[in-house]
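Q: Take the sequence shown: its letter number 68 is residue 68 in UniProt numbering, and every next letter is one higher. Even glycine gets a Cβ: it sits at the ideal position worked out from N, Cα and C.
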Amino acid sequence: MRLALYQPDIPQNAGTILRLGACLSLGVDIVEPCGFALSDARLRRAGLDYAARASLTTHASWTAFQTARTGRLIAVSPHAATSHLAFAFQPGDTLLLGPESTGLPESVRHAADAGVRIPIAAGMRSLNVAVAAAMVAGEALRQTDAFPAAPSTPEAP
1 MRLALYQPDI PQNAGTILRL GACLSLGVDI VEPCGFALSD ARLRRAGLDY AARASLTTHA
61 SWTAFQTART GRLIAVSPHA ATSHLAFAFQ PGDTLLLGPE STGLPESVRH AADAGVRIPI
121 AAGMRSLNVA VAAAMVAGEA LRQTDAFPAA PSTPEAP
């Protein structure tokens, strides 16, 4: 399973998602162009030393990503009709999230194999993209029994 960020525009959120990917053994794809340089200090600060351990693949464009990807592409969007809790995830899925400022464009959502949304309170627009990634990835990993094995002795914080 993978997380994919379509043209991310907030480096701190991308760094947090890189950390999420590293901690949960999920590959992360970044579809450029980004709204920041991948060397941005804010990205590194949010990802801490975990970001260096993330399995990151960058793609120069949406077309390059589409050519390289395997498995189903699942768009995470408030425009989707299906709740992430009602969707049947598969181990090879890639969870696609859009930029914080605009979300996924309609053309990108329609190119996905399926779409899921996170149910939220009436009158609210959306969650932070890193929070949404964690919620959907958590449910997908739970369904597919793919959480990483716990270490035999927990590391100190």
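#1: Report yes if the C-beta distance between I74 and A130 is below 9 Å; otherwise report no.
#2: Given A81, which residues of its chain have a CB within under 8 Å of its CB, disregarding the five upstream and five downstream residues?
#3: Looking at the structure shown, is L127 part of a helix, part of a strand, or coil, going by DSSP?
#4: Going by alpha carbons, who is nearest to P119 out of Q66, A60, H79, W62?
#5: At what residue ranges does the region 70 to 103 contain a whole run of the beta strand (DSSP E), taking only runs of 3 or more?
#6: Per DSSP, H59 forms a beta bridge with which residues?
#7: What are the start and end residues of the beta strand (DSSP E) that includes L38?
#8: Suppose the cutoff is 6 Å on Cβ atoms and the five residues either side in sequence are ignored; what does the same chain contact list for E99 look like?
#9: Nearest to A86 by alpha carbon, out of E32, V136, L3, F147?
A: In brief:
#1: no
#2: G115, R117
#3: coil
#4: H79
#5: 73 to 76, 94 to 97
#6: V31
#7: Taken as a continuous stretch (DSSP letters only), L38 belongs to no beta strand (DSSP E), as it is neither H nor E.
#8: The residue asked about is misnamed: residue 99 is Pro in this sequence, not Glu. Q7, P8, D9, listed in sequence order.
#9: V136
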